[in-house]
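Here the structure is laid out as structure tokens; the discussion comes afterwards.
Protein chains: 4
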Amino acid sequence: MFTSEHHIRVRYAETDQMDVVYHGNYAQFFEVARAEAIRGLGLTYKNLEELGVIMPVVELQMRFLRPAHYDDLLTIRTILRDLPEDHRIEFHHEVHNEEGRMITTGRIVLYFMDSASQSKCLMPDILRQKLQPFFPITNSGS
Amino acid sequence: MFTSEHHIRVRYAETDQMDVVYHGNYAQFFEVARAEAIRGLGLTYKNLEELGVIMPVVELQMRFLRPAHYDDLLTIRTILRDLPEDHRIEFHHEVHNEEGRMITTGRIVLYFMDSASQSKCLMPDILRQKLQPFFPITNSGS
Amino acid sequence: MFTSEHHIRVRYAETDQMDVVYHGNYAQFFEVARAEAIRGLGLTYKNLEELGVIMPVVELQMRFLRPAHYDDLLTIRTILRDLPEDHRIEFHHEVHNEEGRMITTGRIVLYFMDSASQSKCLMPDILRQKLQPFFPITNSGS
Amino acid sequence: MFTSEHHIRVRYAETDQMDVVYHGNYAQFFEVARAEAIRGLGLTYKNLEELGVIMPVVELQMRFLRPAHYDDLLTIRTILRDLPEDHRIEFHHEVHNEEGRMITTGRIVLYFMDSASQSKCLMPDILRQKLQPFFPITNSGS
Chain A
3 MFTSEHHIRV RYAETDQMDV VYHGNYAQFF EVARAEAIRG LGLTYKNLEE
53 LGVIMPVVEL QMRFLRPAHY DDLLTIRTIL RDLPEDHRIE FHHEVHNEEG
103 RMITTGRIVL YFMDSASQSK CLMPDILRQK LQPFFPITNS GS
Chain B
3 MFTSEHHIRV RYAETDQMDV VYHGNYAQFF EVARAEAIRG LGLTYKNLEE
53 LGVIMPVVEL QMRFLRPAHY DDLLTIRTIL RDLPEDHRIE FHHEVHNEEG
103 RMITTGRIVL YFMDSASQSK CLMPDILRQK LQPFFPITNS GS
Chain C
3 MFTSEHHIRV RYAETDQMDV VYHGNYAQFF EVARAEAIRG LGLTYKNLEE
53 LGVIMPVVEL QMRFLRPAHY DDLLTIRTIL RDLPEDHRIE FHHEVHNEEG
103 RMITTGRIVL YFMDSASQSK CLMPDILRQK LQPFFPITNS GS
Chain D
3 MFTSEHHIRV RYAETDQMDV VYHGNYAQFF EVARAEAIRG LGLTYKNLEE
53 LGVIMPVVEL QMRFLRPAHY DDLLTIRTIL RDLPEDHRIE FHHEVHNEEG
103 RMITTGRIVL YFMDSASQSK CLMPDILRQK LQPFFPITNS GS
């Protein structure tokens, strides 16, 4: 399993008149947290795009347990439970506030796509090599 | 079943460098479509807030089937399959582009909450009366 | 002089915890109003981009006189006082609320740029022909 | 003069299909930079709101000199040239990219307002005390 944490301070623009973070803005928080997770591996999502791989989002699920407020310093955890085997990659996210309470969870599925041909592709080797150590091969046989 | 349709033109600001609508922005499209669905009933979501009822989003699920592009005129369908029985209301959304192709689907769950007490409440009567005619009571017994 | 009007309904996402439209969001309202002004001429900004012309914003000035609120139906006026003579085009915007009160004004300068060469260019002829009738040539000489 | 610097990493959501940061998003960057400037003084803008003072934006001016791109780490400088004497406060902002090139400048005017009465007020003493040391009283007479 690979996990990473990133902190995001809530902007005024991200609140709405209910005095909480507008629900749609969590998509951005997750995006930033994934980008930082990849940076933590010594790569950047920008690098991947420069290599000709884009990662469109195909599925997003979010549960809002508690509100976040202006100026809150949120902790966004990014979790990769399984090493991708095909063109799909699935991340889980958990958002905690400063009191340590979980306020939002998310699950997001992205595709690896070749930007030139616009067709699905496998996870780039450069990313696989970085992630592999977090997923030791277990000897499941007898 | 209650359904409603609303059109939204994609703004430049809503695109990203992948030349498509940023996935998180669909949350706004759904919000606008729900607001217009309620307006079509002769009410407004603003009215509900003035009556002391707020509707925080507790769950959001989206599937992105095809991209939307700048200046596309999208049709956002809002669907209420069941009349709420408690403090929850669940909408489904479908987004079609001008070629009639479905590009995104969504499911969103909101709570009815009393804004003063910040506690869950039932759907306001004024909204129930407007929605009731779309959900005829069926005689299911013998 | 060329003027055009477009209506925009304020989204929940566009408000902030001050219960008003977040000031930065007016940039989007102006963008939409300009796009609709061009559409009213029988063209689209999208067409211009397809012809290889992009229009980056180089200057934006906004004055906020009164707040706008959720669900307000705003009228955004787009004004072109002068026909562009070089690579610059300058629009003025005025935003009125439903009571007819002016709430925001804006001035924006964009460049015409050739997207291939990334160099400044003149206003495309196709747009000039549409705008010319609004700027009759006045006989200023003797 | 009081100056402060804050770094902001460009989000994917903040780009548009021109492959650059959408111009309207700089308003958010400036907002974040001002909030961090105040935090650097040992206060928060949130504190001020809790004390009953809100700071609506009444004027915003931006010049876009060069584009910013996805994943750029921008430096946002916040400058207060004069200590406010009345209900107005004026900040200047400068945005530099990682190569040290200035890409955007801004000037923003906000009002101090009493949130209860919604009337203009002076800068709160708690903020004045923090800023005063940056503005030594100069003996301009002979």
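Chains as they are written, first to last, in my numbering: chain A, 3 to 144; chain B, 3 to 144; chain C, 3 to 144; chain D, 3 to 144. Ideal placement from N, C-alpha and C gives every residue a C-beta, glycine not left out.
Exercise. Can you list, in chain order, the residues of its chain whose CB lies under 7 Å from that of Phe93 of chain B, leaving out five sequence neighbours each side?
Worked result: Arg36, Thr80, Ile81, Leu82, Ile110, listed in sequence order.
Exercise. If Asp127 of chain A and Asn99 of chain A are in contact, beta carbons under 8 Å, what's the gap, nearest whole angstrom?
Worked result: Not quite, the Cβ-Cβ distance comes to about 38 Å (not below 8 Å), so this is no contact.
Exercise. Just how far apart, CA to CA, sit Tyr113 of chain C and Ile40 of chain B?
Worked result: 41 Å
For this session: Could you name the residues of the same chain whose beta carbon sits closer than 8 Å to that of Glu51 of chain B, not counting the 5 residues immediately before and after it, in chain order?
Result: Ser117
Problem set entry | Residues, ordered as in the chain, of the region 14 to 41 of chain D that lie near chain B by beta-carbon distance below 7 Å | Tyr14, Ala15, Thr17, Asp18, Gln19, Asp21, Tyr24, Gly26
Problem set entry | Length of the line joining the Cα atoms of Gly42 of chain A and Gln63 of chain A | 24 Å
Exercise. Around the C-beta of Asp18 of chain D, are 16 or more other C-beta atoms found within 10 angstroms, so that it is buried, or is it exposed?
Worked result: buried
Problem set entry | Cβ pair Glu108 of chain A, Ala29 of chain B closer than 8 Å | Position check: residue 108 of chain A holds Gly in this sequence, whereas Glu was assumed. No, these two residues do not count as a Cβ contact at 8 Å.
For this session: Could you tell me whether any Cβ in chain D is nearer than 8 Å to the Cβ of Thr5 of chain A?
Result: no
Problem set entry | Proximal residues to Val55 of chain D (C-beta, below 8 Å), its chain only, five neighbours per side dropped | Phe114, Met115, Asp116, Ser117, Cys123, Pro126
For this session: Can you have a look at Ile139 of chain A and say buried or exposed, based on whether 16 or more other CB atoms are within 10 angstroms of its CB?
Result: exposed
For this session: Measure how close the beta-carbons of Arg65 of chain A and Arg103 of chain A come, nearest whole angstrom, since I'm counting them as under 8 Å.
Result: Distance from Arg65 of chain A to Arg103 of chain A at the Cβ level is roughly 14 Å; contact not present, criterion being Cβ atoms closer than 8 Å.
Problem set entry | Other residues of its chain near Glu33 of chain A: CB distance less than 6 Å, five sequence neighbours each side excluded | none
Exercise. Is Arg83 of chain B near the ligand HEM, going by C-beta to nearest heavy atom under 7 Å?
Worked result: By its list of ligands, the structure shown contains no ligand whatsoever, and the ligand HEM lies outside what it can speak to.
Problem set entry | Where Glu38 of chain C falls: helix, strand or coil (DSSP) | helix
Exercise. Name the chain C residues that come within less than 7 Å of Tyr47 of chain A, Cβ to Cβ?
Worked result: Residues of chain C passing the Cβ test: none, with the nearest at roughly 24 Å.
For this session: For the beta strand (DSSP E) containing Ile91 of chain D, list its first residue and its last residue.
Result: 90 to 98
Exercise. Among residues of its own chain, excluding the 5 on either side of Val22 of chain B, which ones have a beta-carbon nearer than 7 Å to its beta-carbon?
Worked result: The answer, listed in chain order, is Pro69, Ala70, His71.
Problem set entry | Thr77 of chain D versus Lys48 of chain B: straight-line alpha-carbon distance, rounded | 39 Å
Problem set entry | Proximal residues, the region 99 to 116 of chain A versus chain D, C-beta separation under 7 Å | none
Exercise. Counting contacts by CB-CB distance shorter than 8 Å, is His63 of chain C in contact with chain D?
Worked result: Sequence check: residue 63 of chain C is Gln here, not His. At least one chain D Cβ lies under 8 Å of Gln63 of chain C.
Problem set entry | Other residues of its chain near Ser144 of chain A: CB distance less than 6 Å, five sequence neighbours each side excluded | With a pLDDT of only 48 at Ser144 of chain A, under the threshold of 50, the placement of this residue in the model should not be trusted; the figure read from the coordinates follows. Cβ within range, chain order: n/a, list empty.
Problem set entry | CA-to-CA distance, Glu38 of chain C to Ile10 of chain B, given in whole angstroms | 13 Å
Problem set entry | Sequence-distant residues of its chain with Cβ nearer than 8 Å to Thr46 of chain D (five each side left out) | Ala37, Ile40
For this session: Determine, using beta carbons only, whether Phe137 of chain A comes closer than 8 Å to chain B.
Result: no
Problem set entry | CB contact below 8 Å: Pro86 of chain D versus chain C | no
Exercise. At a Cβ threshold of 8 Å, is Phe66 of chain D touching chain C?
Worked result: yes
For this session: Examine chain D for any beta-carbon lying closer than 8 Å to the beta-carbon of Val60 of chain C, and answer yes or no.
Result: yes
For this session: Can you grab the Cα-Cα spacing for the pair Gln120 of chain D / Val59 of chain D, in whole Å?
Result: 14 Å
For this session: Return the chain-ordered ranges of every beta strand (DSSP E) run that is complete within the region 67 to 132 of chain D and spans a minimum of 3 residues.
Result: 75 to 82, 90 to 98, 104 to 113
For this session: Say whether chain B places a C-beta atom closer than 8 Å to the C-beta of Ile91 of chain A.
Result: False, the Cβ-Cβ gap to chain B never drops below 8 Å.
Problem set entry | Rounded distance between the beta-carbons of Leu85 of chain C and Leu133 of chain C, thought under 8 Å | 6 Å
Exercise. Cβ of Asp127 of chain A less than 8 Å from any chain D Cβ?
Worked result: No - not a single Cβ of chain D is within 8 Å of the one on Asp127 of chain A.
Exercise. Among A:Thr106, A:Phe4, A:Ala15, A:Phe136, which residue has its Cα nearest to the Cα of Glu96 of chain A?
Worked result: The shortest Cα separation from Glu96 of chain A among A:Thr106, A:Phe4, A:Ala15, A:Phe136 belongs to A:Thr106.
Exercise. Which term fits Phe136 of chain B, buried or exposed, when burial requires 16 or more other beta carbons within 10 angstroms of its beta carbon?
Worked result: exposed
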